[in-house]
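Peer 1: Structure incoming, see below.
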Amino acid sequence: MKKGEVMKNNLFVIFGATGNLTYKKLLPALFQLISNKSFSGDTKIVCVGRKELTTETYVDDAINKVTEKIDWDSFRDNLLYYRMDIESISDYDSLRNFIENHCQFNNSNTVFYLATSPELLPTIAEGISTFNLAKKGDPSVRIVFEKPFGEDLASAKEYNQLLKQYFKESQIYRIDHYLGKEMIQNILVVRFSNKIFEDVWGSNGIKKITILAKESEGVIDRGSYYDRSGALRDMLQSHLMQMLSLVAMEPPESFETDDIRDKKVHVLRNLKTDFNPDNVFIGQYNGYRSERNVLPDSKTETFVYLKVAVDTERWRGVPFYFITGKHLDEKKSEIIVDFLENSHSHKQWSNESVPPNQLIIRIDPEDGITFQINTKYPGLTLDVRPTILDYCHKCQAIGNFPEAYEKLLLDIISGDSTLFPRWDEIEHSWRFIDQIKSYLKDSDPIEYNSFEELDQMIKYK
Ligand code: BG6
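The structure is reproduced here in structure tokens:
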């Protein structure tokens, strides 16, 4: 897609249109894309749900539920609501009639977006294929899934087999919204456009890397999903492993989609850990078992600490730490790269006064980069002090700062799948998560009240 190009004839069919994701992320992102003219004004969004609503009452509901600022007078013209039983295959015939009668269905860029729970995937895929809403191999038709894709390797494989009957891999978009975040895309730019990092990115220059995603909220109203999932499946299998694959990948031949994905898979295939309590630690926040729709004796982990190795020549000997959890002291996602100690500084200064360089890629809450170097203390001596160079990404944006879903929806319509995990990425990440799950099979998570408490228990060794 060229800069400034307007994508025309877009049709979105959202299954699960009365769910949180649609109200919180999809509708605001679609509105932005139409209002900033990335999508033409005649873009149609067919919102599919089970609730007895009309387009008018759906929009009224959405006005109450969407918190972003939206010009509903214009956006309501883009929306249509269609009520159906998503689990009944014959209803897809009527859905097709509805779309044909209300939208320019032929020659459109059509996206079927499954903002539903994963169990509905087989029925929806079958329904839209049987009634010719989506044809296998038709490049103008795409199908989009939210994470998690499956619950483990076996179920993910099953889903994938099923999807392959109806769609080509190039039509399938598996969303991991972290990949749409500006600073996640920035990882590749920082790594591959700076000589200073290029030459030290590996065991010759780096001591350890920490990939962190802390959240202050608990499970809120998602107890029934989360209790089956836990932090390993909810955050690690997707967001954190994707971050790792970008940080640790070998330089790709080009920035073409499959060149990047090949190198990411190479990292995921080579993930290793020694399964012992120092390397794998799980916790559960105090009060989790009283959350709505959570089992009173639940053993689901709401916190994970994991030390892993990427067993490749570049990374041999460098530990990678994953830390993620809910109900912690703050909301913060970042990648912390600790470089090795400087080999000459001991001749002049004490080790403590010359800390190793540190690069922090800040994803949330403030997109940016912090780089710590050592500089001279102002004055007449050669005393050294750590100095932080701080880059604020958002501050540099002109106009609207794109939200992750805007970028991802635009890429789906433009047919660019670089920011969407390919099947083998999913496969290798589930394989690794399954190994951890099986190691943890009989373990109880440690109850925690604060991150401080956890921090003292985890080893970072
Ligand atoms: C989602 C998880 O994928 O990511 C949630 O299902 C989590 O449990 C969320 O809260 C975190 O995303 P973000 O963008 O707020 O860091």
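For what it's worth, the working numbering labels the leading residue of the sequence shown as 4, then goes sequentially. Yeah, the Cβ is synthetic: ideal placement off N, Cα and C, and Gly gets one too.
(1) Cβ of Lys266 within 7 Å of Cβ of Met252?
(2) If you follow the alpha helix (DSSP H) that Leu191 is part of, which residue opens it and which one closes it?
(3) Do the stretch 202 to 217 and the stretch 333 to 345 touch if we need at least three Cβ pairs shorter than 8 Å?
(4) Does Cys395 pass the burial test, meaning 16 or more other C-beta atoms within 10 Å, or should it be called exposed?
(5) Please classify Met246: is it buried, with 16 or more other beta-carbons within 10 angstroms of its beta-carbon, or exposed?
(6) If I measure Cβ to Cβ from Glu55 and keep anything under 8 Å in the same chain, skipping five residues before and after, which residues do I get?
(7) Relative to the C-alpha of Val192, which residue among Phe258, His431, Met238 and Phe170 is closest?
(8) Leaving out five residues before and five after Met244 in sequence, what residues of the same chain have Cβ atoms less than 7 Å from its Cβ?
(9) May I ask you to verify whether the stretch 75 to 95 touches the stretch 128 to 137, counting CB pairs closer than 8 Å and requiring at least 3?
(10) Let me check you understand the geometry: is the CB of Asp237 closer than 6 Å to at least one non-hydrogen atom of ligand 2?
(11) Quick check for students: name the residue ranges of the alpha helix (DSSP H) that lie wholly in the stretch 341 to 401, counting only runs of 4 or more.
(12) Would you report the Cα separation of Asn13 and Asp202, rounded to the nearest angstrom?
(13) Are the stretch 419 to 434 and the stretch 165 to 179 in contact at 8 Å, needing three or more beta carbon pairs?
(14) Which same chain residues, not among the five before or five after Leu165, have their C-beta less than 6 Å away from its C-beta?
(15) Is the stretch 18 to 34 in contact with the stretch 72 to 82, if contact means three or more CB pairs nearer than 8 Å?
(16) Can you tell me whether DSSP reads Thr276 as helix, strand or coil?
(17) Looking at C-alpha atoms only, which residue of Ser446, Lys6, Glu369 and Leu29 is the closest neighbour of Phe115?
(18) Would Lys335 and Tyr324 qualify as a contact pair, given that the criterion is a beta-carbon distance under 7 Å?
(19) Which parts of the stretch 105 to 176 are runs of the alpha helix (DSSP H), unbroken and 4 residues or longer, counting only runs that do not cross its ends?
(20) Can you tell me where the alpha helix (DSSP H) holding Ala32 begins and where it ends?
(21) Taking the straight line between their C-alpha atoms, what separation do you get for Ile187 and Leu383?
(22) Measure the C-alpha to C-alpha separation of Lys329 and Asp367 and round it to an integer number of angstroms.
(23) Under three-state DSSP, which class holds Arg86?
(24) Whole angstroms is fine: what's the gap from Ile363's alpha carbon to Thr373's?
(25) Just confirm the distance between the C-beta atoms of Trp426 and Glu172, as a whole number of angstroms; I'd bet it's less than 8 Å.
(26) Looking at Ala118: is its Cβ nearer than 7 Å to the Cβ of Ile17?
(27) Following the continuous beta strand (DSSP E) through Phe423, name the residue where it begins and the one where it ends.
(28) Assign Asn403 to one of three DSSP states: helix, strand, or coil.
(29) Use the C-beta contact count for Pro322: other C-beta atoms within 10 angstroms, 16 or more gives buried, fewer gives exposed.
(30) Please classify Asp262: is it buried, with 16 or more other beta-carbons within 10 angstroms of its beta-carbon, or exposed?
(31) So for Leu56, helix, strand or coil by DSSP?
(32) Report the rounded CA-to-CA distance for Val9 versus Asp45, giving the unit in angstroms.
(33) Between the Cα of Val307 and those of Tyr229, Thr327 and Ser158, spot the shortest distance and give me the residue it belongs to.
(34) DSSP three-state label for Gly233, please.
(35) Within the continuous beta strand (DSSP E) that includes Gln459, where are the two ends?
(36) Decide if the stretch 225 to 244 is in contact with the stretch 293 to 302; the criterion is three or more beta carbon pairs, one per stretch, under 8 Å apart.
Peer 2: This is what the structure gives:
(1) Lys266 is a Cβ neighbour of Met252, given a cutoff of 7 Å.
(2) From DSSP, the alpha helix (DSSP H) with Leu191 extends over Glu185 to Phe195.
(3) Output reads yes: the stretch 333 to 345 touches the stretch 202 to 217.
(4) Cys395 should be labelled exposed.
(5) Buried.
(6) The answer, listed in chain order, is Arg86.
(7) Of the listed residues, the one whose Cα sits closest to Val192 is Phe258.
(8) Hits under 7 Å: Leu271 and Ser432.
(9) These segments touch.
(10) For ligand 2, the structure offers nothing, since it holds only ligand 1.
(11) If only complete runs of 4 or more residues are kept, the stretch 341 to 401 shows no alpha helix (DSSP H) anywhere.
(12) Taking the straight line from one Cα to the other gives about 44 Å.
(13) Yes: the two stretches touch, three or more of their Cβ pairs being nearer than 8 Å.
(14) The beta carbon of Leu165 sits closer than 6 Å to the beta carbons of Pro125 from its chain, once the five residues preceding and following it are set aside; these are given in chain order.
(15) Touching, per the Cβ criterion.
(16) DSSP, read as helix, strand or coil, puts Thr276 in coil.
(17) The residue with the shortest Cα to Cα distance from Phe115 is Leu29.
(18) Not in contact: Lys335 and Tyr324 (Cβ atoms no closer than 7 Å).
(19) Within the stretch 105 to 176, the complete alpha helix (DSSP H) segments at least 4 residues long are 124 to 133 and 156 to 169, listed from N- to C-terminus.
(20) Start and end: Leu30 to Ser38.
(21) Separation of Ile187 and Leu383 (C-alpha to C-alpha, rounded to the nearest whole angstrom) is 42 Å.
(22) When the Cα atoms are used, Lys329 and Asp367 turn out to be separated by approximately 15 Å.
(23) It is a strand residue.
(24) Looking at the two C-alpha atoms, the distance is approximately 5 Å.
(25) For a cut-off of 8 Å, the C-beta gap from Trp426 to Glu172 is around 6 Å, short enough to register as a contact.
(26) Yes. Within cutoff.
(27) No beta strand (DSSP E) holds Phe423; DSSP gives it neither H nor E.
(28) DSSP places Asn403 in coil when its eight states are reduced to three.
(29) Buried, by the Cβ-count rule.
(30) The residue in question, Asp262, is exposed, as its Cβ has fewer than 16 Cβ neighbours within 10 Å.
(31) Collapsing the DSSP output to three states places Leu56 in coil.
(32) If I take the Cα positions, the gap works out to 11 Å.
(33) With respect to the C-alpha of Val307, the residue from Tyr229, Thr327 and Ser158 having the closest C-alpha is Thr327.
(34) Helix, per DSSP.
(35) Not the beta strand (DSSP E): Gln459 falls in the alpha helix (DSSP H), residues Phe454 to Met460.
(36) Yes: at least three Cβ pairs fall under 8 Å.
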